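In the numbering used here, the protein residues as written are 21 to 563.
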Amino acid sequence: MAILIATASFAIPRNVKFFPFFGASRKFIQMRVWSFDFSKDRIDYPRRPYCPFRHFCVFLNGEVPDKVLAERAYLRKRVDELEFAMDFSTDQVKKLNARIEELETDKKILETELLQAKQAPFASKSKEEEEEVADKTPKKKRGAPYGHQGHWRETPKHIDETVDVYLDKCPHCGNENISPCNHTTEHIQEDIKDGKVKNTLYIHSFFWCPTCKEIVHGTGEGEIPNAMIGPEIRAIVAFLRYEIKISYDDIPRILKELFNFKVTPGAIVSFDNKTRRKSKPLYDALKDMLPRTSSINVDETGWKDDGFLAWLWTFINKGIAFYHIDKHRSIEVIRAHLGELYAGIIGSDFLSSYNPIGTFAKQKCFAHLLREIKKLEEDERLNSEGNIFLANLKKLLQDAILLHAEYSILHLDIWRGRKKQILKSFKKLYRTPLSHKECETLRKRLKKHKKEIFTFLNFPELINPTNNIAETGLGNCVLFRKLTFVTRSENGKKNVSILMTIIQTAKLKLLSPTAVLKTFITKGLTVELAKQFGLPSAMPLAP
21 MAILIATASF
31 AIPRNVKFFP
41 FFGASRKFIQ
51 MRVWSFDFSK
61 DRIDYPRRPY
71 CPFRHFCVFL
81 NGEVPDKVLA
91 ERAYLRKRVD
101 ELEFAMDFST
111 DQVKKLNARI
121 EELETDKKIL
131 ETELLQAKQA
141 PFASKSKEEE
151 EEVADKTPKK
161 KRGAPYGHQG
171 HWRETPKHID
181 ETVDVYLDKC
191 PHCGNENISP
201 CNHTTEHIQE
211 DIKDGKVKNT
221 LYIHSFFWCP
231 TCKEIVHGTG
241 EGEIPNAMIG
251 PEIRAIVAFL
261 RYEIKISYDD
271 IPRILKELFN
281 FKVTPGAIVS
291 FDNKTRRKSK
301 PLYDALKDML
311 PRTSSINVDE
321 TGWKDDGFLA
331 WLWTFINKGI
341 AFYHIDKHRS
351 IEVIRAHLGE
361 LYAGIIGSDF
371 LSSYNPIGTF
381 AKQKCFAHLL
391 REIKKLEEDE
401 RLNSEGNIFL
411 ANLKKLLQDA
421 ILLHAEYSIL
431 HLDIWRGRKK
441 QILKSFKKLY
451 RTPLSHKECE
461 TLRKRLKKHK
471 KEIFTFLNFP
481 ELINPTNNIA
491 ETGLGNCVLF
501 RKLTFVTRSE
511 NGKKNVSILM
521 TIIQTAKLKL
531 LSPTAVLKTF
541 ITKGLTVELA
551 KQFGLPSAMP
561 LAP
């Protein structure tokens, strides 16, 4: 009788560290078969095959097989240990990265809270906080207590001139058949004339208009109805405030010292509000003209409105200087003033808000490029390749500016030849990659805006190579911002936008800003003033 005993074969994964079967091989347990024949006197054990190369194996380059197997076993054990260490380290790295992200988020939150805490003493409260405080604070009627004696401007005791105000026709319908009434009214107004304070008495006669069926009266020359201070003072105050950039507290000192004229800062604020309302029709008309211009330069600067960040925008060319304060710095502000598709040329810097706007053409500012070149030339890490690139680009820009200045001097064929050479050199310049990181960034920017760099050479009479006209237009606003601490109300924001627009546009039209403001204060937007500002003849005039 014979008995066969066999062992199974098992494949063991590499990550198994221990296998409890009689020291079996890690990867595979070979089949072993024992044959037992109990009918014989002895048992035949399986014999190991004889190998003549067991001490020097020709298949292992002369190595001893037992030694090779021992080294293999050691290396496999070492690999298992290292894999375990790597798995453990990978798990730890993942946990640490998650912790770093959590700490970075907490850091940003704390930095934001710290910044808000630092700005809190200088910024006004939000509307919700103000309403909450207002609800907790007992309401009190504004002004003096009941029965308190009122205060108003004293009536001048000396009259320098008396003016009788008559009417030849109705000021509303133009009817000349008007009948005089039996009563009159007097109105005293203080103003400055020829550098001296002048008190004028206006005597108004009343008339009956049968067409309008009401009593009417006229307004004297240079008179503001129901106002004790005349238009000359109001125009001077607006000019001092928005052109000379004088504060509300200092303007009364100037008027007292130069003209011996007394006025309070609160009255000056009221002057600005009324002048702005009179000037708004022209402001709206100029805004409507912006989309119809052939070219416009746009720029913006930071502003603070009631303690919160805002932006003061300017849209300017040779005939219009338009200002607008907005809390946004996005493309929506540009579209609100120039429309979805602007048919002219926009001159600007490289702010990304100008990129999506649809337009006939764009011109990027050379001054920004030259300033960036100067900054890169001072970099100590600049290599020879970058230095050559910056030198060639700088010379190319300067040659283009010089060619634009010589447009009216050079013969047209010569001018076009030089223009063609500049464009050819520019194409070669932006197509060559650079190793210097900052120079390569500048080259990619030039390549991205390649159609917006030399637009001024295609339209030399419409646009300039720089955006200096817009930056200069903002210079006055920047000084105003630093000296007057900007605006704190909606009325203040409108006053700056409208009155600066009127004054700067009048200067571009070679008009006297004070004379223009005086006309607005007394008559509003007249036909003559509309012609001087280049408005369409069908433009509705102010009442």
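Built from N, CA and C at the ideal position, the CB exists for glycine as well.
Nothing here was measured: the structure is a model prediction, and the numbers come from that model.
| query | result |
| --- | --- |
| Cβ neighbours of Glu405 in the same chain (closer than 7 Å, five flanking residues each side left out) | Leu454, Ser455 and His456 |
| Three-way DSSP call (helix, strand, coil) for Phe328 in this model | strand |
| Neighbourhood of Pro556 by C-beta distance below 6 Å, restricted to the same chain and skipping five residues each side | none |
| Secondary structure of Thr461, DSSP reduced to three states | helix |
| Residue nearest to Lys470 in terms of C-alpha spacing, selected from Ile489, Leu477 and Lys447 | Lys447 |
| Where the alpha helix (DSSP H) through Pro176 begins and ends | Taken as a continuous stretch (DSSP letters only), Pro176 belongs to no alpha helix (DSSP H), as it is neither H nor E. |
| Alpha carbon of Lys276 to alpha carbon of Lys282, nearest angstrom | 6 Å |
| Classification of Trp333 by the beta-carbon crowding that lies within 10 angstroms, buried from 16 upward | buried |
| Distance, Phe108 Cα to Ser29 Cα | Only weak support exists for where Ser29 lies, its pLDDT of 45 falling under 50; the value from the coordinates is given anyway. Rounded to whole angstroms, Ser29 to Phe108 spans 31 Å at the Cα level. |
| Cut-off 7 Å between Cβ atoms - residues of its own chain near Gly493, not counting five sequence neighbours on either side | Thr334, Ile336, Ala341 and Gln524 |
| Buried versus exposed call for Trp323 [16 or more other C-beta atoms within 10 Å across all chains shown] | buried |
| Host beta strand (DSSP E) of Lys128 (start-end) | Counting along the chain, Lys128 falls outside any beta strand (DSSP E), though it belongs to the alpha helix (DSSP H) covering Pro85 to Gln139. |
| 7 Å Cβ shell around Ala44 - same chain, five flanking residues per side excluded | With a pLDDT of only 42 at Ala44, under 50, the local geometry of the prediction cannot be trusted, and the value read off the model is given with reservation. No residues qualify anywhere along the chain. |
| Whole-angstrom distance between Tyr70 and Arg52, CA atom to CA atom | In this prediction, Arg52 scores a pLDDT of 48, lower than 50, which makes its location untrustworthy; the coordinate-derived value is nonetheless stated afterwards. Going by the C-alpha atoms only, they are around 17 Å apart. |
| In chain order, each alpha helix (DSSP H) run of at least 4 residues that lies wholly inside the region 445 to 491 | 457 to 468 and 475 to 478 |
| Whole-angstrom distance between Lys538 and Phe259, CA atom to CA atom | 11 Å |
| Whole-angstrom distance between Arg74 and Arg46, CA atom to CA atom | Low local confidence applies: a pLDDT of 42 at Arg46 is under 50, so the model's placement there is unreliable, with the coordinate-based value given in what follows. Between Arg46 and Arg74, the C-alpha separation is close to 22 Å. |
| Cutoff 8 Å; reference Ile208; Cβ partners in own chain excluding five residues on either side | Thr175, Pro176, Ile179, Asn219, Thr220, Leu221, Tyr222 and Met248 |
| Between the CA atoms of Val84 and Pro72 - distance to the nearest angstrom | 12 Å |
| Spatial distance of Asn488 from Trp435 (CA atoms) | 24 Å |
| Beta-carbon spacing of Asn195, Cys229 below 8 Å | yes |
| Whole-angstrom C-beta distance between Pro285 and Asp269, which should lie under 8 Å | 6 Å |
| Run of the alpha helix (DSSP H) containing Pro285, from where it starts to where it stops | Pro285 to Met309 |
| Rounded straight-line distance, which links the Cα of Glu252 to that of Asn280 | 15 Å |
| Start-to-end residues for the beta strand (DSSP E) that takes in Thr379 | Gly378 to Lys384 |
| Assigned secondary structure, Asn202 (DSSP; H/G/I helix, E/B strand, else coil) | strand |
| Under 8 Å between C-beta atoms of Leu482 and Ile365 | yes |
| DSSP state of Val257 mapped onto helix, strand, coil | helix |
| Collapsed DSSP secondary structure at Val318 in the structure displayed | strand |
| Exposed unless 16 or more other CB atoms sit within 10 angstroms - verdict on Leu262 | Per the sequence shown, the amino acid found at residue 262 is Tyr instead of Leu. So Tyr262 ends up on the buried side. |
| Cβ neighbour criterion (16 or more within 10 Å) applied to Gln383 | buried |
| C-alpha distance - Glu243 paired with Gly250, whole-angstrom precision | 6 Å |
| Length-filtered (3 minimum) beta strand (DSSP E) runs lying within the region 381 to 431 | none |
| Between the CA atoms of Leu443 and Cys122 - distance to the nearest angstrom | According to the sequence shown, residue 122 is Glu rather than Cys. The alpha-carbon atoms of Glu122 and Leu443 are separated by roughly 52 Å. |
| CA-to-CA distance, Phe540 to Lys298, given in whole angstroms | 6 Å |
| Segment limits, alpha helix (DSSP H) that includes Leu537 | Pro533 to Lys543 |
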